[in-house]
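So the sequences go chain by chain: E and H. Okay, so the first sequence: first residue is 1 according to my numbering, each after it adds one. Okay, so the second sequence: first residue is 1 according to my numbering, each after it adds one. Where is the CB? At the ideal position from N, CA and C, for every residue including glycine. Reviewing the structure listed below.
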Amino acid sequence: MGKDIREDIAWAQINNDVLKSLENPRKLYWVILFAAMLVFSVGVGCEIYQYNVGLGAANMDNPHMWGLYIATFIFWIGMSHSGTLLSAILHLMHADWRKPIYRFAEAMTTFSLMTAGLFVMVHLGRLWQFYYAVPYPSERWTWPNFQSPLLWDAMAIFTYLSSSVIFLYIGSIPDFAIARDNIHPGWRKKLYSILALGWEGTDRQWRNFRVTYLTVACFLIPLAVSVHSIVASDFAMSQQPGWHVTSFPPYFVAGALYSGCAAIITLFIILRYVFKFEEYMTLPILKKTVRLTFAIAMVWTYLNCIEFTATWYSHDQVAKDVLIQKATGPYAPFFWGMIFCGSVVPFAMMVKKWQTSIPVMFAVSLLLNVGMWLERWMIVAPTYSHGYYPWTWDHNQWPSLIQWGIVFGSFGWFTLLFMVFCKIVPSVSMYEVKEMVYHRSLAKKKEELGLEGGH
Amino acid sequence: MSVSNLLQNWSTFRHEHPINDKPHAEIKWAMTIDLDTCIGCNACSVACYAENNLPVVGKEKYAHGQSMHWIRIERYWGETEVKEEYDPNSNFDMVQQDFQADQGAQFLPMLCQQCEAAPCETVCPVGATNHTEDGLNSQIYNRCIGSRYCSANCPFKVRYFNWWNYPEQENAWPEPLPLQLNPDLTVRTKGVMEKCTFCKQRTYTARNNARSEGRPVHDGDVQTACQQSCPTNAISFGNLVDPEARVAKQWEQQQVDLAKEKQEKDEKADNKLRGYRILEELRPYPSIMYLERVRESAV
Chain E
1 MGKDIREDIA WAQINNDVLK SLENPRKLYW VILFAAMLVF SVGVGCEIYQ
51 YNVGLGAANM DNPHMWGLYI ATFIFWIGMS HSGTLLSAIL HLMHADWRKP
101 IYRFAEAMTT FSLMTAGLFV MVHLGRLWQF YYAVPYPSER WTWPNFQSPL
151 LWDAMAIFTY LSSSVIFLYI GSIPDFAIAR DNIHPGWRKK LYSILALGWE
201 GTDRQWRNFR VTYLTVACFL IPLAVSVHSI VASDFAMSQQ PGWHVTSFPP
251 YFVAGALYSG CAAIITLFII LRYVFKFEEY MTLPILKKTV RLTFAIAMVW
301 TYLNCIEFTA TWYSHDQVAK DVLIQKATGP YAPFFWGMIF CGSVVPFAMM
351 VKKWQTSIPV MFAVSLLLNV GMWLERWMIV APTYSHGYYP WTWDHNQWPS
401 LIQWGIVFGS FGWFTLLFMV FCKIVPSVSM YEVKEMVYHR SLAKKKEELG
451 LEGGH
Chain H
1 MSVSNLLQNW STFRHEHPIN DKPHAEIKWA MTIDLDTCIG CNACSVACYA
51 ENNLPVVGKE KYAHGQSMHW IRIERYWGET EVKEEYDPNS NFDMVQQDFQ
101 ADQGAQFLPM LCQQCEAAPC ETVCPVGATN HTEDGLNSQI YNRCIGSRYC
151 SANCPFKVRY FNWWNYPEQE NAWPEPLPLQ LNPDLTVRTK GVMEKCTFCK
201 QRTYTARNNA RSEGRPVHDG DVQTACQQSC PTNAISFGNL VDPEARVAKQ
251 WEQQQVDLAK EKQEKDEKAD NKLRGYRILE ELRPYPSIMY LERVRESAV
């Protein structure tokens, strides 16, 4: 495999190619957008019904207090992690191959957090009172309960969401300026003029920009780790069998990076086709992403084994029963499906030929995320079905269509936000791609000058 | 709204129950349930429905596990005692055996254990469930946002969620039942959690009466609905701090200490005392002591 991207692309060509994505994507773009709207409206319809009649419509019951909503919430939170991994951690490590793909990964972070936020709301019995969980000054001196992991959760998510929006925005400023300078007059030009904050590309601006970007990147990394650790505390800090596990925070973080990387591969392939980004989202970059995903898949598998063995060799009989129940009871197909999709399917990524095969990687990345979604469900549901108190065991609960509909609709909401974003904001970072071809361009320029000097 | 206000407010809000904190000075409500006298008649459950305006959910929702019984009678069949004529090749016999246990069915009335270190209290994001000064685990319906974390963390699963808007449900209070609704209660809406309150409308009335008469609450001033309706007097309820109370005497006699997660008597080999608390080892410090059923084989 050669260079990540062709190095003889001219800077003007980069501008042209990326800005074209804002104007004329393939027809498939509109198909996806329309489909996303349809799917989202299914979710909205289900939520309106549930809001009116009560949460009983979701078919939850006494032991099964949380259902797919919380499972899917963890799924979306998890999805948000890889954006930060690519843009912040790999930025600090000077991994240049991240440059053409980090922008959309970053957008994925923001939008999957927004989707996760929806699930917190949908899950609440009285969602019209959700602001009780926010520590706002009140004349009655009522505060939320600072001991509750759920409150830490809300705070961590809001912090992470606002920080990643800022990070996404800061990183896009030079690109907004390029768009401002090159796009035809109209409302978009006005929008980019405002968003570019008067960027002129002076040395001083670049210096300040670099420092700011680096600072926010450093700020974001601990946040990314803490958010999912705190989501894990929702479970680990409770005393329920199957949840009360010390290794949950790293396990959740690994799972989050895992599903996020898989989602990046999926979106990589879609964007590459829809916006004609073949020159930038190249196969060598795909290969590197696939290898990274494989490494994380193995970490996740390892942490899974730790969790199972720790439970198995502990003297906590109840937790052990939950584990056995998970593997052999009514949840067994989903449990083994999770093991298959999460720990067996990734081995397809070891085959060199498949690492750069678009159809194979598309299928694999989707399967990985199916596995990761099942993982979250297998964390939430089996503990409820087989808890401490035998009289309340309930192995037959099945989520209603309303619940499935909202879960389904959330994918529409995410796709909608993401696709609209890609049409408005350059989804490949132009100025950083230029950095990748900088040396070559400089050499070329010198060559030309040298030739001219000879005359 | 300064930070110092917040912290001060906070320190009064959270206590370290039950060991390191000030013990309940005047009143600590507690209960004893004698499983030997319980006949599983469900009168307590019915009384609770009447007293606390619990909605009847109907057969279908009950089967879904969406029932609202604050006190439930759990039915367990006896330990399988394999008889000599038992045929190991026949599964059918095994089933027969199970359901014709010598001791018959056993019953266990289960209600909120009003834990002193309640797992539900710490996890509520809005602080809707708290400890009261008389040792109850309270639920503030108006504050509840319905995250259901409390129930998720309750080992006994005795918290009941308003899955539906019950007054609109046909089974809830069919005519003329609305005429018997108790006016002394707070109304619950759809989407909030509710649970046994130890009939706090009764306990507070008793306390108010005692205060206006200028005396402490005596044992017998207040009865919970379940206790009142029990035909065999299996339930006793009262103030654990008051040494004259029947409950306090029972706890004393059974050597069950509220603030211990492991009772000393259980360490002794010749322990014949019947008192125990359910899932004590999880350290929620429940306020309900059960008296074990006396078995023929044990006598």
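What does residue i touch in chain E if you count any residue whose Cβ is under 9 Å from its own?
i	result
H/Tyr-149	Met-65, Trp-66, Ser-148, Pro-149, Leu-150, Asp-234, Ser-238
H/Lys-190	Val-53, Gly-54, Leu-55, Gly-56, Gly-125, Arg-126
H/Asn-162	Gly-54, Leu-55, Gly-56, Gly-125
Residue i: buried (16+ other C-beta within 10 angstroms of its C-beta) or exposed?
i	result
H/Lys-272	exposed
H/His-24	buried
E/Val-351	exposed
E/Ile-265	buried
H/Val-187	exposed
H/Val-95	Confidence at H/Val-95 is low in this model, with a pLDDT of 44, below 50, so its placement is unreliable and no value can be given for it.
E/Lys-99	buried
E/Cys-305	exposed
E/Asn-396	exposed
H/Trp-173	buried
H/Ile-39	exposed
E/Trp-398	exposed
H/Phe-156	buried
E/Asp-4	buried
E/Asn-15	buried
E/Phe-34	exposed
H/Asn-91	In this prediction, H/Asn-91 scores a pLDDT of 45, lower than 50, which makes its location untrustworthy; the coordinate-derived value is nonetheless stated afterwards. Burial call: exposed.
H/Gln-254	buried
E/Met-93	exposed
E/Gly-454	At E/Gly-454, the pLDDT of 43 sits below 50, so the modelled position is not reliable and the matter cannot be decided from this model.
H/Val-82	Here H/Val-82 scores only 47 on pLDDT, less than 50, and its place in the model is too uncertain to base an answer on.
E/Cys-477	As displayed, chain E neither begins before 1 nor continues past 455, which places residue 477 of chain E out of reach and without an answer.
Could you list which residues in chain E have their beta carbon closer than 7 Å to that of residue i, in chain order?
i	result
H/Gly-238	Within chain E, no residue comes near H/Gly-238; the closest Cβ sits about 26 Å away, beyond 7 Å.
H/Glu-74	Trp-391
H/Phe-156	Tyr-389
H/Asn-53	Residues of chain E passing the Cβ test: none, with the nearest at roughly 17 Å.
H/Pro-119	Gln-239
What residues of chain H sit near residue i, judged by a beta carbon separation below 8 Å?
i	result
E/Ala-133	Pro-125, Val-126, Ile-145, Ser-147
E/Thr-311	Those do not exist, as E/Thr-311 stays about 17 Å from chain H at its closest Cβ, beyond 8 Å.
Rounded to whole angstroms, how far is the Cβ of residue i from the Cβ of residue j, which I believe are closer than 8 Å?
i	j	result
E/Phe-111	E/Leu-368	Actually they are not in contact, since the Cβ atoms of E/Phe-111 and E/Leu-368 sit about 19 Å apart, beyond 8 Å.
E/Phe-268	E/Leu-286	6 Å
E/Ile-74	E/Val-225	In fact, because the Cβ distance is near 15 Å, the residues do not count as touching under 8 Å.
H/Met-193	H/Arg-159	5 Å
H/Asn-233	H/Thr-37	7 Å
E/Ser-314	E/Leu-118	Actually they do not touch by this definition, with Cβ atoms about 36 Å apart.
So residue i contacts chain H; which residues on that side make the cut at Cβ distance below 7 Å?
i	result
E/Gln-129	Ile-145
E/Asp-61	His-64, Gly-65, Gln-66
Using DSSP bridges, identify the partner residues of residue i.
i	result
E/Phe-248	None, per the DSSP bridge assignment.
H/Ser-236	H/Thr-32
H/Tyr-290	H/Ile-33, H/Tyr-276
H/Phe-107	H/Arg-75
H/Glu-194	H/Tyr-160
Residue i touches chain E at which residues, Cβ-Cβ below 8 Å?
i	result
H/Thr-122	Asn-145, Gln-147, Ser-148
H/Asn-171	Neighbours of H/Asn-171 on chain E: none; closest Cβ ~13 Å, over 8 Å.
H/Lys-200	Near H/Lys-200 there are no residues of chain E at all, since even the closest Cβ is about 21 Å away, more than 8 Å.
H/Ala-152	Met-65, Trp-66, Ser-238, Gln-240, Tyr-384
H/Leu-136	What H/Leu-136 touches in chain E: nothing, since even the nearest Cβ is about 18 Å away.
H/Asn-165	Val-53, Gly-54
H/Leu-282	Gln-239, Tyr-388
Could you tell me whether any non-hydrogen atom of the ligand HEM is closer than 7 Å to the CB of residue i?
i	result
E/Val-18	The ligand HEM is not part of the structure shown, which contains no ligands of any sort.
With 8 Å set as the bound, which would you pick, yes or no: does the beta-carbon of residue i sit closer than that to a beta-carbon of chain B?
i	result
H/Leu-279	Of the protein chains in the structure, E and H, none is chain B.
Going along chain H in order, which residues have a C-beta closer than 9 Å to the C-beta of residue i?
i	result
E/Asp-321	Correct list: empty, because the minimum Cβ distance to chain H is about 14 Å.
E/Asp-394	Gly-65
Please give the ranges of any alpha helix (DSSP H) in the region 119-184 of chain H, keeping only runs that are unbroken, at least 4 residues long and fully inside the region.
119-123, 149-153
Report the residue ranges of all alpha helix (DSSP H) runs contained in full by the region 1-38 of chain E; include only those spanning at least 4 residues, in chain order.
Scanning the region 1-38 of chain E from its first residue to its last, the whole alpha helix (DSSP H) runs of 4-plus residues come out as 11-23.
Complete runs of the alpha helix (DSSP H) confined to the region 166-223 of chain E [at least 4 residues]:
187-195
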